[in-house]
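Trainee: Can you read through this structure? Questions will come right after.
There are 2 protein chains.
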Amino acid sequence: MRTELQVELRLVKEMLASTAQAVRSALGTATTALLAADREAAESVISGDARINDLCWRIEDRVQDTTARQAPVASDLRAMFAALHVAADLERMGDLAKHVARTATRAHPRPAVPADLAPLFGQMAGVADRMTAKLVRVLSEPDLSRAAELDRADDAMDGLHRDLLARILAPGWPHGVQAAIDAALLGRFYERYADHAVNAGRRVAFLVSGEAVVG
Amino acid sequence: MRTELQVELRLVKEMLASTAQAVRSALGTATTALLAADREAAESVISGDARINDLCWRIEDRVQDTTARQAPVASDLRAMFAALHVAADLERMGDLAKHVARTATRAHPRPAVPADLAPLFGQMAGVADRMTAKLVRVLSEPDLSRAAELDRADDAMDGLHRDLLARILAPGWPHGVQAAIDAALLGRFYERYADHAVNAGRRVAFLVSGEAVVG
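Sequences listed follow chains A and B, in order. First residue of the first sequence: 1, per the UniProt record's numbering; consecutive thereafter. First residue of the second sequence: 1, per the UniProt record's numbering; consecutive thereafter.
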């Protein structure tokens, strides 16, 4: 019984890791769509979001089934609940990748991001990508120090986000109101994505250590 | 055993309903803070968010304890999982009320919303308030038709949100870039709040009917 539950938990973690990988790939493609005004890439992210949602629902189903059949207690039950939270964060991160892609589509054929802001968005996307890669690894081989690395990366993201807002609000912004709003919303999408990656990392840490990581 | 579980489930629903009421009150105060540039009101919402988070954590703890002690199955287990999702939506709605209050604080003493947009924000806040009131009632006396009413209210919110963006992006927006970004973000906060209310309502419906309400 106990062993069967361990097998099940490992499977759930594998499902979470492959979903995190799918989310990572979606945000990468959405960023390409954004910076290269590539409509086809944007549309593949938008239509592909249903698959990520489906992966998340399957994890939830699996957790419910296992909980019903095996009635886990203590740390095993906590692990099951943590898995649900991580799945919810991943679903939301997938949504945010879709929001980036939608913003790119709406602006098309104009790039949604003015050329002078493209490097800053490239940096934000780079931080988000490395955070998701860390999350995949934390899910594969839980390690509390990696969860702390996610916190530090999130600080970098917050700094980039502040830089972005300062650029948009500097006197003489030349790109008009629509571009200002798009840039502010896009900045928020990347920043929220990073927040969810941190939350997910903390839940994994919680699942490993049996204690909440307060931050 | 079965009766004990029913008592526990009812208690969890009561905790959810009173948390929803606290969230409703937070958004109401945040809206006052926004439209009346009332800094004290804004600060009470910002500091009060910890209490809402605490209420949500207590629900989660209670659900985990009950699941561990009583090993519910089938529809009772589904109800427990639905309660977790509703708690997560309520926590997020509380965060969004805090975001509204923070935007009001940042702009202070200037109103964050130009006077000509205040009535539109008043309408969005009114829809959000009525949605939360419905959610409180759905949690108190589950009723599928009320969950459907939440969907219709969300359509009204989406319409108001579109009107808002059209106003901000109309040629000759006179209030500058900062006010445009604030208004766009605030519109998004109310719209996201309504989305979470709909999600929460659907989970409650799911818990009552035993079937997902697809929409």
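All residues carry an ideal CB built from backbone N, CA and C; glycine is no exception. Here the structure is a predicted model, which is why all the values come from computation and not from measurement.
Express the C-alpha separation of residue 192/B and residue 214/A in angstroms, rounding to a whole number.
Mentor: With a pLDDT of only 43 at residue 214/A, under the threshold of 50, the placement of this residue in the model should not be trusted, and no figure is reported.
Trainee: For the candidate residues 65/A, 73/A and 140/A, whose alpha-carbon lies nearest to that of residue 75/B?
Mentor: 65/A
Trainee: State the start and end residues of the unbroken alpha helix (DSSP H) segment that holds residue 51/B.
Mentor: 39 to 70
Trainee: Who are the neighbours of residue 81/B on chain A, taking C-beta pairs under 7 Å?
Mentor: What residue 81/B touches in chain A: 64.
Trainee: Is it buried or exposed for residue 100/B, if we count other Cβ within 10 angstroms and need 16 for buried?
Mentor: buried
Trainee: Measure from the C-beta of residue 6/B to each C-beta in chain A and report whether the shortest distance is under 8 Å.
Mentor: no
Trainee: Return the residue from the list 174/A, 28/A, 10/A and 179/A that minimises the CA-CA distance to residue 130/A.
Mentor: Of the candidates 174/A, 28/A, 10/A and 179/A, the one whose C-alpha sits nearest the C-alpha of residue 130/A is 28/A.
Trainee: Kindly indicate the opening and closing residues of the alpha helix (DSSP H) around residue 113/B.
Mentor: Note, residue 113/B: premise wrong, no alpha helix (DSSP H); not H, not E.
Trainee: Would residue 91/A be called buried (16 or more neighbouring beta carbons within 10 Å of its own) or exposed?
Mentor: buried
Trainee: Of the residues that make up the segment 164 to 178 of chain A, which ones have a beta carbon closer than 7 Å to any beta carbon in chain B?
Mentor: 168, 169, 173, 177 and 178
Trainee: In whole angstroms, what is the alpha-carbon distance linking residue 87/A and residue 50/B?
Mentor: In a straight line, the C-alpha of residue 87/A is about 24 Å away from that of residue 50/B.
Trainee: Assign residue 202/B to one of two classes, buried (16 or more other C-beta atoms within 10 Å of its C-beta) or exposed (fewer than that).
Mentor: By the neighbour-count rule (16 or more Cβ atoms within 10 Å), residue 202/B is buried.
Trainee: Judging by CA-CA distance, which residue of 73/B, 114/B and 147/B is the nearest neighbour of residue 242/B?
Mentor: Within the shown structure, residues of chain B are numbered from 1 to 215, placing residue 242/B beyond reach of any answer.
Trainee: Would you verify that the beta carbon of residue 16/A is, or is not, closer than 8 Å to some beta carbon of chain B?
Mentor: Taking Cβ atoms only, chain B never reaches closer than 8 Å to residue 16/A, which makes this a no.
Trainee: Could you compute how far the alpha carbon of residue 186/A sits from the alpha carbon of residue 97/A?
Mentor: 10 Å
Trainee: Note the first and the last residue of the continuous alpha helix (DSSP H) segment covering residue 125/B.
Mentor: 118 to 140
Trainee: Of the residues that make up the segment 81 to 100 of chain A, which ones have a beta carbon closer than 7 Å to any beta carbon in chain B?
Mentor: 81, 84 and 88
Trainee: Which residue comes first and which comes last in the alpha helix (DSSP H) that contains residue 155/B?
Mentor: 144 to 169
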